[in-house]
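For the sequence shown, position 70 matches number 105 in my numbering, and the numbering has no gaps at all. The beta carbon of each residue, even a glycine, is placed where N, CA and C say it ideally should be. Quantities reported herein were computed from a predicted structural model and do not represent experimental measurements.
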Amino acid sequence: MSPTAEMLLGVIAVAVAVMAIVQVGAIIAGLRVARRVEKLATDLETGVKPLIANLTSISGEASRAANLAAAQVERFDKTFADLTKRVDQTLSTAQQFVNGPAREGMAIVAGIRAAMNALQGMREATRRRTATRAPAFEEDEESLFIG
């Protein structure tokens with residue numbers, strides 16, 4: 036072999052050795068990265084599991100609170116409807132109580148007014164009669180007067 040071929044062969048051998056070293060370094064770096072990723076995944080999994088458990092617990096409590104609130108709102112609505120019905124009944128009863136005696140009172144007042152009007156009518160009729168009789172009586176008296 037010629038010295039040039041030996042030299043090229045040496046260069047090839049050195050290049051292959053450098054490539055092998057680079058590949059081994061890349062494999063070692065890849066393994067380190069894989070270990071880190073695995074550690075991060077494990078840490079994330081151990082950290083997320085309690086969070087998921089807490090979120091599940093919180094969502095269960097929120098659902099329970101929403102159900103209780105809905106039940107309270109329904110109970111309040113029913114109580115308010117009953118209260119409104121009772122107030123309406125009370126007002127209706129009070130209105131009937133007031134209207135009955137008020138009508139009777141108004142009837143009594145109307146009767147008293149009618150009696151007063153009748154008395155006034157009788158008084159006016161008596162005045163008219165005396166007023167019409169008085170001049171006739173005066174004429175009779177004048178004719179009797181000698182003077």
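Output needed for residue i: all residues of its chain with C-beta closer than 7 Å, excluding positions within five of it in sequence on either side, in chain order.
i	result
Gly65	none
Consult DSSP for residue i and reduce its assignment to one of helix, strand or coil.
i	result
Ser37	coil
Got a sec? Which residues, its chain only, sit under 6 Å from residue i by beta carbon, not counting five neighbours each side?
i	result
Leu118	none
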